[in-house]
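Colleague: The structure under discussion is supplied below as structure tokens; questions concerning it will follow.
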Amino acid sequence: MAQDISALAAALALQCDWGADEALLESPADRLTVREAPARPEARPAPEAPTRLARPAAPVVLATAPPAQARARELAEAAPDLAALKAAIAAFDASPLKETATNLVFGEGITDSGLMLIGEAPGADEDRAGRPFVGASGQLLDRMFASVGLSRESNFYITNILPWRPPGNRTPTDAEVALFLPFLHRQVALIRPKRLVLVGGVAAKGLIGGKEGITRLRGRWHEVEIPGLGRLPALPTLHPAYLLRSPASKRDAWADLLALRRALDQAPG
Ligand code: URA
110 MAQDISALAA ALALQCDWGA DEALLESPAD RLTVREAPAR PEARPAPEAP TRLARPAAPV
170 VLATAPPAQA RARELAEAAP DLAALKAAIA AFDASPLKET ATNLVFGEGI TDSGLMLIGE
230 APGADEDRAG RPFVGASGQL LDRMFASVGL SRESNFYITN ILPWRPPGNR TPTDAEVALF
290 LPFLHRQVAL IRPKRLVLVG GVAAKGLIGG KEGITRLRGR WHEVEIPGLG RLPALPTLHP
350 AYLLRSPASK RDAWADLLAL RRALDQAPG
């Protein structure tokens with residue numbers, strides 16, 4: 110028995126080393142064996158290649174990416190308003206993220222304020238609450254924006270590039286960002302903001318593109334093209350989760366907030 114327990118403890122330690130920091134299901138799923146795809150009423154894209162036990166940080170390769178992206182674009186463009194867009198995202202089955210997340214996290218805040226913040230992806234707290242930026246980094250974000258007189262209750266709308274939480278809070282892959290980008294573009298086009306703030310490197314790279322990292326992009330206004338809306342000024346800034354780990358960078362984030370405040374004061378809403 111003692112040996113059994115130490116073998117189990119070693120297996121658990123190995124999982125932790127691989128980055129599996131929480132249980133996603135009530136019972137373990139054997140991802141080393143090839144499973145029959147469950148029968149679905151409607152036609153589905155070709156099944157993915159046999160699944161192997163994936164390290165949480167490893168990129169998810171979507172074998173079906175191009176058709177799935179085209180489907181995402183079709184669904185997004187057909188949504189006439191935010192409620193329909195949220196329903197379309199909820200019904201979109203092409204990403205495994207939906208299987209492991211608890212709640213869809215859509216945007217919230219003031220839709221006609223002219224200002225929209227875009228973050229990366231829900232974390233554990235957001236996944237539980239079904240609301241963006243409500244955990245520790247969201248609370249820091251709220252305090253930072255309050256320091257320049259801005260809140261989601263009065264002055265901005267806030268959402269994420271991904272509507273589902275990546276398991277273990279790993280960084281979204283490029284494929285995941287590309288898959289959900291049509292839904293985000295449509296959300297922006299429906300809100301029609303005058304300015305965007307891109308919170309963190311994933312949002313900045315997803316919307317601006319290119320190879321520059323967030324430390325180079327931040328603090329300057331860039332132009333991003335939103336299908337169906339046109340070009341918008343976008344200000345990348347450091348992610349509050351990064352600031353929690355690197356408080357010395359709060360000085361840079363403060364400079365970014367002042368740049369935003371100046372822009373709003375010069376040309377309000
Ligand atoms: N980090 C994000 O980028 N978005 C959230 O909603 C929460 C944490």
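When the letters of the sequence shown are read in order and numbered with the working numbering, they come out as residues 110 to 378. The beta carbon of each residue, even a glycine, is placed where N, CA and C say it ideally should be.
Please report the straight-line C-alpha distance between A224 and W330, rounded to a whole angstrom.
Modeller: If you number the sequence shown from 1, residue 224 lands on position 115. If you number the sequence shown from 1, residue 330 lands on position 221. For clarity, residue 224 is Leu in the given sequence; the question names Ala instead. Taking the straight line from one Cα to the other gives about 14 Å.
Colleague: For the alpha helix (DSSP H) containing I335, name the first residue and the last one.
Modeller: Walking along the sequence shown from the start, residue 335 turns up at place 226. I335 -> not in any alpha helix (DSSP H); beta strand (DSSP E) instead, spanning 331-335.
Colleague: With a threshold of 7 Å, establish whether the CB of H348 neighbours any heavy atom of ligand 1.
Modeller: Numbered from 1 along the sequence shown, position 239 holds the residue referred to as residue 348. Checking every heavy atom of ligand 1 against the Cβ of H348, one is found closer than 7 Å.
Colleague: For P345, which residues does DSSP report across the bridge?
Modeller: On the sequence shown, position 236 is the one that residue 345 refers to. L307, per the DSSP bridge assignment.
Colleague: What separation, rounded to the nearest whole angstrom, lies between the Cα atoms of E235 and Q248?
Modeller: Your numbering for residue 235 matches position 126 in the sequence shown. Your numbering for residue 248 matches position 139 in the sequence shown. Their Cα atoms are separated by approximately 12 Å.
Colleague: Please determine whether the Cβ atom of A210 lies at a distance below 7 Å from any heavy atom of ligand 1.
Modeller: The residue you call residue 210 lines up with position 101 of the sequence shown. Answer for A210: no, Cβ out of range of ligand 1.
Colleague: Rounded to the nearest angstrom, what separates G318 and I114 at their Cα positions?
Modeller: As a position in the sequence shown, residue 318 is number 209, starting the count at 1. As a position in the sequence shown, residue 114 is number 5, starting the count at 1. Between G318 and I114, the C-alpha separation is close to 49 Å.
Colleague: Quick one: what's E217 bridged to in DSSP?
Modeller: Position 108 of the sequence shown, counted from the start, is the residue given in the question as residue 217. For E217, which the question treats as bridged, DSSP gives the partners I267.
Colleague: Please check the pair T230 and R295, which I expect to be a contact at CB under 8 Å, by giving their CB distance rounded to whole angstroms.
Modeller: As a position in the sequence shown, residue 230 is number 121, starting the count at 1. As a position in the sequence shown, residue 295 is number 186, starting the count at 1. One detail in the question is off: residue 230 reads as Ala in this sequence, not Thr. Not confirmed; about 18 Å, so no contact.
Colleague: Which residue from K320, A238, V311 puts its Cα closest to that of Y351?
Modeller: What you label residue 351 is simply residue 242 of the sequence shown in a count that begins at 1. Taking only the C-alpha atoms, the option nearest Y351 is V311.
Colleague: I need the DSSP call for G232, collapsed to helix, strand or coil.
Modeller: As a working note, residue 232 is residue 123 in the sequence shown. G232 falls in the coil class under three-state DSSP.
Colleague: Buried or exposed for E285, please, with buried defined as at least 16 other CB atoms from any protein chain shown within 10 angstroms of its CB.
Modeller: Within the sequence shown, numbered from 1, the residue matching residue 285 stands at position 176. Label assigned to E285: buried.
Colleague: List, from N- to C-terminal side, the beta strand (DSSP E) runs of 3 residues or more that fit wholly inside the segment 272-318.
Modeller: Taking only runs of at least 3 residues, the beta strand (DSSP E) segments lying wholly in the segment 272-318 are 304-308.
Colleague: Count the other C-beta atoms from every protein chain shown that fall within 10 angstroms of the C-beta of Q375, then say buried if there are 16 or more, exposed otherwise.
Modeller: Stepping through the sequence shown from its first residue, residue 375 is reached at position 266. Exposed: under 16 other Cβ atoms inside 10 Å.
Colleague: Using a threshold of 8 Å, state whether the C-beta atoms of T346 and V306 are closer than that.
Modeller: Start at 1 with the first residue of the sequence shown, and residue 346 comes out as number 237. Start at 1 with the first residue of the sequence shown, and residue 306 comes out as number 197. Yes. Within cutoff.
Colleague: Classify D374 as helix, strand or coil using the three-state DSSP reduction.
Modeller: As a working note, residue 374 is residue 265 in the sequence shown. Note: D374 maps to helix in three-state DSSP.
Colleague: By Cβ distance below 6 Å, which residues in the same chain neighbour L191 in space, the five residues on each side in sequence not counted?
Modeller: Here residue 191 corresponds to residue number 82 of the sequence shown, with the count starting at 1. Same-chain partners within the cutoff: L299.
Colleague: Does the segment 209-227 touch the segment 191-200, meaning 3 or more C-beta pairs lie closer than 8 Å?
Modeller: Cβ pair count under 8 Å is three or more, so yes.
Colleague: Would you mind sorting T324 into buried or exposed? The rule is 16 or more other CB atoms within 10 Å of its CB.
Modeller: Counted from its first residue, the sequence shown places residue 324 at position 215. So T324 counts as exposed.
Colleague: In the DSSP output, which residue or residues are listed as bridge partners for G339?
Modeller: For the purposes of this step, residue 339 is identified with residue 230 of the sequence shown, where counting begins at 1. DSSP, once it has assigned bridges, lists I335 as partnering G339.
Colleague: Relative to ligand 1, is the shortest distance from any of its heavy atoms to the C-beta of F242 smaller than 7 Å?
Modeller: Position 133 of the sequence shown, counting from 1, holds the residue named residue 242. F242: yes, Cβ under 7 Å from ligand 1.
Colleague: Which same chain residues end up closer than 8 Å to I364 when comparing Cβ atoms and leaving out the 5 residues on each side of it in sequence?
Modeller: Here residue 364 refers to the residue found at position 255 when the sequence shown is read from its first residue. According to the sequence as given, residue 364 is Ala; it is not Ile. For A364, where only same-chain residues beyond five positions count, the Cβ hits under 8 Å are G328.
Colleague: Under a Cβ-count criterion, where at least 16 other Cβ atoms within 10 Å of its own Cβ denotes burial, should A245 be classed as buried or exposed?
Modeller: By 1-based counting over the sequence shown, the position of residue 245 is 136. It is exposed - the Cβ of A245 has fewer than 16 other Cβ atoms within 10 Å.
Colleague: If you compare alpha carbons, which of L206, L250, L259 is closest to I219?
Modeller: On the sequence shown, position 110 is the one that residue 219 refers to. The shortest Cα separation from I219 among L206, L250, L259 belongs to L259.
Colleague: In whole angstroms, give me the CA-to-CA distance for A118 and L271.
Modeller: For the purposes of this step, residue 118 is taken as the residue at position 9 of the sequence shown. For the purposes of this step, residue 271 is taken as the residue at position 162 of the sequence shown. Between A118 and L271, the C-alpha separation is close to 34 Å.
Colleague: Which residue wins for smallest C-alpha separation from A372, given the options G337, E262, L344?
Modeller: Mapped onto the sequence shown, residue 372 falls at position 263. Comparing Cα-Cα distances from A372 to each of G337, E262, L344, the minimum goes to L344.
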